[in-house]
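Colleague: Counting in this note's numbering, the sequence shown runs from 4 upward without gaps. All C-beta atoms in this analysis are idealised placements derived from N, C-alpha and C, irrespective of residue type, glycine included. It should be emphasised that the depicted structure is a prediction, and the values quoted were computed from it without experimental measurement. Have a look at this one.
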Amino acid sequence: KVGGGRFANTGDFEGSVRMEISGNAEAILATSGANFDLRAGSEITLVGGDVRVGFDGASRGTAVLRLEKDASLTFEAAGGKIGRIAEFKSGAFASDFAKLQSGVNLGSADLHLDVTGLKAGTYVLMQADEIIGTFGSFDVTGLNRNLNASVVIDYAADEVLLKIGRGTGALNLTTTGDEDDFAASNGRLWKALTDGVGLHAEEAPVATTSGWDLLP
Numbered sequence: 004k005v006g007g008g009r010f011a012n013t014g015d016f017e018g019s020v021r022m023e024i025s026g027n028a029e030a031i032l033a034t035s036g037a038n039f040d041l042r043a044g045s046e047i048t049l050v051g052g053d054v055r056v057g058f059d060g061a062s063r064g065t066a067v068l069r070l071e072k073d074a075s076l077t078f079e080a081a082g083g084k085i086g087r088i089a090e091f092k093s094g095a096f097a098s099d100f101a102k103l104q105s106g107v108n109l110g111s112a113d114l115h116l117d118v119t120g121l122k123a124g125t126y127v128l129m130q131a132d133e134i135i136g137t138f139g140s141f142d143v144t145g146l147n148r149n150l151n152a153s154v155v156i157d158y159a160a161d162e163v164l165l166k167i168g169r170g171t172g173a174l175n176l177t178t179t180g181d182e183d184d185f186a187a188s189n190g191r192l193w194k195a196l197t198d199g200v201g202l203h204a205e206e207a208p209v210a211t212t213s214g215w216d217l218l219p
């Protein structure tokens, strides 16, 4: 558990892990030149919206998070806020992290969302210089019956968005844009995202009622 302070991965993280990040903790999953591989059976959980999770570094190197099929990524809302994975200024490095090349390969991992207490609106769950792949499955808990929840993987903006709006409790996952759009202009980042992790899923899954947990 990372409930405060700072965690930083500065190399190749490949082992089995169950990481829960909460409070005002900082978790640098990958610094410049580092990779964080979330293997099958492993899990990262972000609790609340005060955590700072993602990428930071002092050079132009790549920093990537690579998810694997049957790995789990969980976002739990708390106090009306939900966390995100993105570049952030941790204070651990003197240089501007804008030089960093960050990326996420979603790798058909499982996405779990607890949206208890979240109001209707759009929330950024993930943001990087390049996002590829999709989720193998996703489920949502804590969703009121008069709201819908949509997860949008935007390959053009390189964001994963959670959109909550009026509805009947429906769940939806969509993709927009071309996930290969960055490959021609930044082969080094593309290689870091795909090296040794096999093919990434191309098709978005369809949510089923078995993944729903609706509140009255």
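Is it buried or exposed, THR177, if we count other Cβ atoms within 10 angstroms and call 16 or more buried?
Modeller: The residue in question, THR177, is exposed, as its Cβ has fewer than 16 Cβ neighbours within 10 Å.
Colleague: Using 8 Å as the threshold, is the stretch 75-94 in touch with the stretch 117-132, meaning 3 or more CB pairs across them?
Modeller: A contact exists between the stretch 75-94 and the stretch 117-132.
Colleague: So GLY110 packs on VAL67, CB below 8 Å; how close in whole Å?
Modeller: Incorrect: roughly 11 Å between the Cβ atoms, too far for contact.
Colleague: Going by the beta-carbon positions, is the gap between SER19 and SER45 smaller than 8 Å?
Modeller: In contact: SER19 and SER45 (Cβ atoms closer than 8 Å).
Colleague: In angstroms with no decimal places, state the Cα-to-Cα distance between THR197 and PHE91.
Modeller: If I take the Cα positions, the gap works out to 23 Å.
Colleague: Excluding sequence positions up to five away, which residues of its chain have a Cβ less than 8 Å from the Cβ of PHE39?
Modeller: Once the five neighbours on either side are set aside, the close Cβ partners of PHE39 are ASN12, PHE16, LEU32, ALA33, VAL67, LEU68 and ARG69.
Colleague: Per DSSP, which one or two residues make a beta bridge with PHE16?
Modeller: DSSP output for PHE16 lists PHE39 as bridge partner(s).
Colleague: Determine which residues share a DSSP beta bridge with LEU121 and list them.
Modeller: Per DSSP, none; premise fails for LEU121.
Colleague: Leaving out five residues on either side along the sequence, give the residues of the same chain with a beta carbon under 7 Å from the beta carbon of ALA210.
Modeller: Here ALA210 scores only 44 on pLDDT, less than 50, and its place in the model should not be relied on; the value that follows carries that caveat. Closer than 7 Å at Cβ, skipping near neighbours: PHE141, LEU174, ASN175 and LEU176.
Colleague: I think VAL50 touches SER25, with their Cβ atoms under 8 Å apart; what is that distance to the nearest whole Å?
Modeller: The pair is a contact, with the Cβ atoms about 4 Å apart (cut-off 8 Å).
Colleague: Specify, as a first and last residue, the run of the beta strand (DSSP E) that LYS166 falls within.
Modeller: Note, LYS166: beta strand (DSSP E), 162-169.
Colleague: Looking at the secondary structure, which residues open and close the alpha helix (DSSP H) in which GLY233 lies?
Modeller: Residue 233 lies beyond the stretch modelled for the chain, which goes from 4 to 219, so this question has no answer here.
Colleague: Output the boundary residues of the beta strand (DSSP E) element that contains GLY106.
Modeller: Here the beta strand (DSSP E) through GLY106 covers 104-108.
Colleague: What ranges does the beta strand (DSSP E) occupy inside the stretch 36-79, keeping only unbroken runs of at least 3 residues that lie completely in it?
Modeller: Taking only runs of at least 3 residues, the beta strand (DSSP E) segments lying wholly in the stretch 36-79 are 38-41, 46-50, 55-58, 65-70 and 75-79.
Colleague: Contact criterion: CB-CB distance below 8 Å. Does LEU192 meet it with respect to chain B?
Modeller: The chain labelled as chain B is not found in the depicted structure, where only one protein chain is given.
Colleague: By the DSSP assignment, the beta strand (DSSP E) with SER140 in it spans what residues?
Modeller: It spans 140-147 - the beta strand (DSSP E) in which SER140 sits, taken as one unbroken run.
Colleague: Secondary structure at GLU182, three-state DSSP: helix, strand or coil?
Modeller: Note: GLU182 maps to coil in three-state DSSP.
Colleague: Quick check on DSSP: helix, strand or coil for ILE85?
Modeller: Three-state result, ILE85: coil.
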